[in-house]
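Below: the structure, in structure tokens.
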Amino acid sequence: MTELVTSLFMLLGSFLILLAGLGIIRMPDLLTRMHATSKAGALGAGLMACGFAVYFPEASVVVRALAVVVFVIMTAPVAAHVLARAGYFVGIKLWEGTVKDVIKERYDLKTHQLGSSSRKREEED
7 MTELVTSLFM LLGSFLILLA GLGIIRMPDL LTRMHATSKA GALGAGLMAC GFAVYFPEAS
67 VVVRALAVVV FVIMTAPVAA HVLARAGYFV GIKLWEGTVK DVIKERYDLK THQLGSSSRK
127 REEED
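Its first residue numbered 7, the sequence shown is counted upward by one per residue in the numbering used here.
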């Protein structure tokens, strides 16, 4: 039974990491590529770490696997967000199918400051 559960975790994790790799190739711009790789890659790595924890039930392996899961789940989306935001501010072009660019309305190119929506409403009033 342990081998079955481990195999399931490993296959699901590998499939999600494969999807993350395909997302890098198939997505049209930086923001969608970052989204695909951070979500699928983090979940795939977490599932594979859970598979290791099930297959090697020693306490040290389980604790390390859980630490890997927590670390990856907490840091991958934040890192992707920071990289995507930096790419946007450097001038990476958005996909032509992008429907709404919220940052463009709030970002001042002269001062390089990003304002909040509440400050924008106060200035309009």
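Built from N, CA and C at the ideal position, the CB exists for glycine as well.
Is it right to say residue i is buried, meaning 16 or more other beta carbons lie within 10 angstroms of its own, or is it exposed?
i	result
Thr43	buried
Ala82	buried
Val84	exposed
Is it the case that the Cβ atoms of residue i and residue j are separated by a distance below 9 Å?
i	j	result
Thr12	Gly57	yes
Ala53	Leu28	It is worth fixing the name first, because residue 53 is Leu in this sequence and not Ala. Contact flag unset, no.
Gly93	Leu37	yes
Phe62	Val68	yes
So, at 8 Å on beta carbons, what are the nonlocal neighbours of residue i in its own chain, with the 5 sequence-adjacent residues on each side left out?
i	result
Ile30	Arg39, Ala42, Thr43
Report the option in the options whose CA atom is closest to the CA atom of residue i.
i	options	result
Gly47	Leu25, Ser66, Glu9, Asp35	Leu25
Gly103	Ala71, Met7, Met33, Phe62	Met33
Val60	Val74, Val75, Glu9	Glu9
Ala86	Phe15, Leu14, Glu111, Lys45	Lys45
Thr4	Lys106, Val105, Asp107, Phe95	Outside the displayed span of the chain (7 to 131) sits residue 4, for which this structure offers no information.
Suppose the cutoff is 6 Å on Cβ atoms and the five residues either side in sequence are ignored; what does the same chain contact list for residue i look like?
i	result
Leu100	Asp35
Gly19	Gly50, Leu53, Met54
Can you name, in chain order, every residue of its own chain whose Cβ lies under 7 Å from the Cβ of residue i, other than the five neighbours on each side?
i	result
Ala71	Ala55, Cys56, Phe58, Ala59
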